[in-house]
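See structure below.
In my numbering, the protein residues as written are 586 to 1242.
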């Protein structure tokens, strides 16, 4: 007869846990990620916020019942931060409920930097003055170190609970759920409908800042009631919050909307329409310089330029597949002569027709065609944001048609172009985000070609590994016709931007019946690379305004030199200098106002002109200029010819500083 110990071992089910380094450990079924972390290191366990189990983010306390791959998520992981901030949204809701009894909550997700919660306060109102009070309450609740407790409930029990609370918002959410899909989370005195995951306890939340209040329509529909939205951000230490607040203060100074207006870069007008940018002369100069850079770079790389219409017949976008997959982002059609015409939301279908206009052979490939194409996308009004989210955009677009054998080299060349641009603009931190398909959404969100998806994703993955660029993989964010790379960059103050995409397309060649004759004299379908290294003028100039704080490098600055005569006696000398600058194709002006030189210098500093040339009696007699550099002050006296030559070199080499 087996003893008690033997009986226990016979009944124990052991599971295998694979860690990120490939190590495999055995644990009893029902072990949690937090238990596993403790078995490795108590210090590690204290940092764990959540767990990635087989690609899904779980509570660190949730039992693991079978073999699994595990990654422990901390504050340094995106999934860890997201879980931390979503848990903070629940903490904020608890504080709001304590201060405003009877409040009803809609949703409270984590966002890129922090979290928000939408709520119905009835006849009550939260003001900016209340935020400090709510922060204090959140800190009190966090210090209680209450655990986040998950509980599975039946649909009937969930309906009963929120019916008793007279909460129509949660009842609406429950109506779309089934038994087995519904969980409640409780921390302290607050319970909410939530799928999770959450951090182990509130004690991990050490520093709290509620940042703003806004209005938000229920479900994003303007016909529904407007709810109150509170935004916030939290950190595991006060030091990180202090650094964040400092960065936000700097970001306010660098806000592209503020700088764009002050520097005369762009404007918008209600009579033109929301999200439709009017570029001012200064913005026009920046656009011209960016296009010049792109055209030079692309010419050197063997691209051929094309020009295509802003509209096309419905059938073009049906063939491309954009209408079924992208219709919500396109403007409604115009009907003429019994035909429907759409404003183009993308350039690729037009380019495919250019490829198809002539017979192609392998000798013609790779064919690289480029266009700064204007596109129109109907972004929701609530999503419009300065230059970052607009309805008319000018895209540094190109399409490369190549054979499968040429793909790796072409894709590498596109990535090399990105790296060249990063160096020019002083972008030091970046990552390529490889966006993959979701197998469960084939035929809905993605073209139903499972094998082609896997093959193409592997092609892209291998190129990224070979080139050694930093990249991460994200499931479910690919384009409908193939995997893509979203290029994430960080500005000088650490703000993250999505610059552009580099996409692989295996579907549209088939849709448009594109082919070329290969070396065996047989028809072959080309692969297509969609790429836009400089993104759109709108988004990229918005990024540059914030990246440079409006202090553009000389080659890109709308006005490169301001000539500041000390008095009217030196206007004629200023004019001779101006002629020399213009002859060298340098953008320059004279400040001939009847103002003291100190005010002229201050005003020029505010307008962020890279160079000031101060001239008086001494400079005129010696044929020189006293040079001041934006942000650096007086850098010495130079002969006019020497200054012009030095500045031309700086401009031609596109020095970034």
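Where a beta carbon is used, it is the ideal one built from N, C-alpha and C, also for glycine.
Everything numeric in this text was worked out from a predicted model, so none of it was measured.
Looking at 1179, 1177, 1197 and 1178, the one whose alpha-carbon comes closest to that of residue 1186 is 1197. Of all C-beta pairs linking the region 1220–1233 to the region 1200–1210, three or more are shorter than 8 Å, placing the two stretches in contact.
Residue 928 is positioned such that its CB atom lies closer than 7 Å to that of residue 916. Residue pairing of residue 1144 in beta bridges, as defined by DSSP: absent, with no partner found. Ranked by Cα distance from residue 887, the first of 865, 1076, 925 and 951 is 951. Taking C-beta separations shorter than 7 Å and ignoring five residues to either side along the sequence, the partners of residue 630 in its chain run 619, 622 and 623, following chain order. Closest by C-alpha distance to residue 1006, out of 930, 882 and 1033, is 882. Pairing residue 1115 with residue 1077 gives a Cβ-Cβ distance that is not under 7 Å. Only residues of its own chain outside the window of five on either side were considered, and among them 653 and 654 have a CB closer than 8 Å to the CB of residue 639, listed in chain order.
Taking every protein chain shown into account, the CB of residue 764 has fewer than 16 other CB atoms within 10 angstroms, so this residue is exposed. Residue 960 is bridged by DSSP to 978. In the DSSP assignment, residue 718 falls within the unbroken alpha helix (DSSP H) covering 715–728. In terms of Cβ geometry, residue 1000 and residue 1054 form a close pair [threshold 7 Å]. The region 951–961 makes contact with the region 977–997, as at least three CB pairs between them are under 8 Å. Between residue 752 and the set 731, 608, 739 and 778, the nearest pair of CA atoms involves 778. According to DSSP, residue pairing for residue 952 in a beta bridge involves 986. In the structure shown, the three-state DSSP call for residue 762 is coil. Assignment of residue 862 by DSSP, reduced to helix, strand and coil, places it in the coil class.
Put simply, the region 641–650 touches the region 777–795. At least three CB pairs are less than 8 Å apart. Distances from the alpha-carbon of residue 946 to those of 1102, 1049, 1095 and 635 put 1102 closest. Taking 8 Å as the upper bound for CB-CB distance, residue 996 and residue 1045 are in contact here, some 7 Å apart. Here the alpha carbons of residue 737 and residue 625 stand approximately 30 Å from one another. Contact check for residue 796 and residue 816: beta-carbon distance about 5 Å, within the 8 Å limit, so the pair qualifies. Here DSSP, grouped into helix, strand and coil, assigns residue 1195 to coil. Taken in chain order, the unbroken stretches of beta strand (DSSP E) that lie wholly in the region 874–905 and span 3 residues or more are 896–898. Within a 10 Å sphere around the beta-carbon of residue 1203 sit fewer than 16 other beta-carbons, which makes this residue exposed. About 50 Å separates the CB atoms of residue 1172 and residue 692; that is not less than 8 Å, and the two are not in contact.
Residue 1100 carries a coil assignment under DSSP once its states are collapsed to helix, strand and coil.
Distances from the alpha-carbon of residue 1206 to those of 1191, 1194, 1154 and 904 put 1154 closest.
Residue burial annotation: residue 651 is exposed, with fewer than 16 other C-beta atoms found within 10 angstroms of its C-beta. Residues of the same chain with a CB within less than 8 Å of the CB of residue 613, apart from the 5 flanking positions on each side, are 597, 598, 599 and 600 in chain order. Per DSSP, reduced to three states, the secondary structure at residue 945 is coil, with no helix or strand assignment. Residue pairing from DSSP places residue 1073 in a beta bridge opposite 1016 and 1083. Under the three-state reduction of DSSP, residue 643 is assigned to strand. Exclusion of the five residues before and after residue 819 leaves 673, 790 and 793 as the residues of its chain whose Cβ lies within less than 6 Å of its Cβ.
Under the DSSP assignment, residue 921 falls in the beta strand (DSSP E) whose first and last residues are 919–921.
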